Structures are given as C-alpha cells and as structure tokens.
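Working notes, structure below.
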Amino acid sequence: MSEPESDAAPEAPREAGEPVPTLAAVDLGSNSFHLIVADVSGGTIRIVDRLREVVRLASGLKKGGRLALPVRERALNTLERIGERVHHLPRGSVRAVGTHTFRQASRSGGFLEAARERLGHPIDVISGQEEARLIWLGVAHAVQPITGQRLVVDIGGGSTEVILGREAGIKRAYSLRMGCVNFSGRFFSKGRITQKAWRKAR
Numbered sequence: 002m003s004e005p006e007s008d009a010a011p012e013a014p015r016e017a018g019e020p021v022p023t024l025a026a027v028d029l030g031s032n033s034f035h036l037i038v039a040d041v042s043g044g045t046i047r048i049v050d051r052l053r054e055v056v057r058l059a060s061g062l063k064k065g066g067r068l069a070l071p072v073r074e075r076a077l078n079t080l081e082r083i084g085e086r087v088h089h090l091p092r093g094s095v096r097a098v099g100t101h102t103f104r105q106a107s108r109s110g111g112f113l114e115a116a117r118e119r120l121g122h123p124i125d126v127i128s129g130q131e132e133a134r135l136i137w138l139g140v141a142h143a144v145q146p147i148t149g150q151r152l153v154v155d156i157g158g159g160s161t162e163v164i165l166g167r168e169a170g171i172k173r174a175y176s177l178r179m180g181c182v183n184f185s186g187r188f189f190s191k192g193r194i195t196q197k198a199w200r201k202a203r
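Numbers in this note's numbering are just positions in the sequence shown, counted from 1, shifted up by 1.
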C-alpha cells in the first residue's frame, strides 16, 4: 500500500465560542480513496485536512460482487483511518460516495455495512449517471467558463465517465465500465504491454 498523503493546514485563530462550519467530502473510488475537509466560513473554502490512499479496490472484485479478503481489509482499514479524521464532525456535514466498485461490491458479503461502520458516517453508493453529474459540476466550478460545448472525460479505476455539455448544463453523459484497474487486470495482468494485448484492449 502506498503511503497516505496528508497536508493538514493550521487553522486561523478564532474567538472563543465561535462556531467552525466544517464540511468533509469522501470519494471512495475503485483505485483510491480521497478525503477533503474544508472550513467554509466567511463565504470561502479553505482546505484544513486531506488524505489520499491507493486501495485498488477494483483489483479484488470477484464474481457476484465479492471482494478478495486482502483487498477488503485494506479498504476497511483505510476507511477506519478516514473515520478517525472526521469522527468529530456532526452527521450531515460529511458526504461519502462510493463509485463503480462499490456498486458491485455492495451487493454481496456485507461489505457496505462494514464500510459504513468503519467510517462512522453514511456512504451513498451512487449510480454512474450521478457520478458523471458530480464530475461535471466539479469541472464546471474549477475551470474558466467557455462558450460552446465542453467534453469532460474522467478515467477512474473501475469506470470512465464521458460528459458533453455547455454552460447551461449537461447534454449527454455516459458511464462506461472501463477503468485503469480493471483494464490492467484484464489485458495486462502480468504487467507487460504486448502488441497483441494492446490490440485487444483497444
């Protein structure tokens, strides 16, 4: 497992008794889990903590939605570490979403229930269309407005979202079952890229 990345920033001094409006977002992807905690007071967003760990959840997905035990435990241990960072936040201030592999793994073996228990907050398993919508919103808020159409492609560990839209909103959105983890395992399982395997992947 890779070393977690953390860059908690020191909080600015506040007067005694002043409330600290804090929100947290948890992205439970097929390749890595991400946490961002932000202070949203004063009309600004200030990152106060973040964590990223490579879990490669999709690599442990078996038929019927089962997860290989080492991958399952790696994911749950990461969720426990994330939970330790957000345990003090009230319910409703933490939004955790599970994407492609969570959609598959949540069908079997009680994984979703165990994941929620380790995190200490609800986990929403979102559809591919909802994942595409959230990706579009993130991009729309992060880049300069442009006229005309915009194409957004997000390549994840278990799926790839393709969104076509304008400033007014999304025109078309697709969630394809093609990701860097499941494609690597399917076509390049020995870690070698041959011409034959490359043609099959294409």
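Note that beta-carbon positions come from the ideal geometry of N, C-alpha and C, so glycine has one too. Bear in mind the structure is a predicted one, so any value in this text is a computation, not a measurement.
Would you mind reading off the limits of the alpha helix (DSSP H) that contains residue i?
i, result
"A198", "196 to 202"
"G186", "181 to 188"
According to DSSP, is residue i helix, strand or coil?
i, result
"E114", "helix"
"H122", "coil"
"T102", "helix"
"G18", "Only weak support is given to the placement of G18: the predicted model assigns it a pLDDT of 46, under 50, and the question is left unresolved by the model."
"R92", "coil"
"V72", "helix"
"A13", "With a pLDDT of 46 at A13, under the threshold of 50, the modelled position of this residue cannot be trusted; read the value that follows with caution. The answer is coil: DSSP assigns A13 none of H, G, I, E or B."
"R82", "helix"
Quick check: residue i and residue j, are their CB atoms within less than 8 Å of each other?
i, j, result
"G84", "R73", "no"
"T100", "G30", "yes"
"N32", "G139", "no"
"A25", "L90", "yes"
"E162", "A133", "yes"
"L286", "L120", "Residue 286 is absent from the structure shown; the chain starts at 2 and stops at 203."
"D126", "R104", "It should be pointed out that residue 126 corresponds to Val in this sequence rather than to Asp. Result yes, Cβ atoms of V126 and R104 sit closer than 8 Å."
"R47", "A39", "yes"
Which residues bound the beta strand (DSSP E) around residue i?
i, result
"L177", "170 to 177"
"R151", "151 to 156"
"I164", "161 to 167"
Using a Cβ-Cβ cut-off of 7 Å (strictly less than) and excluding sequence neighbours within five positions of residue i, which residues of its own chain qualify?
i, result
"A69", "G61, K63"
With DSSP as the reference, please indicate the residues paired to residue i in a beta bridge.
i, result
"I37", "A26, R51"
"A97", "V27"
With a CB to CB cut of under 8 Å and the five nearest residues on each side skipped, what residues in its chain are close to residue i?
i, result
"A198", "F188, F189"
Enumerate in chain order the residues of its own chain whose CB-to-CB distance from residue i is below 6 Å, with the five nearest sequence positions on each side excluded.
i, result
"H35", "D28, R53"
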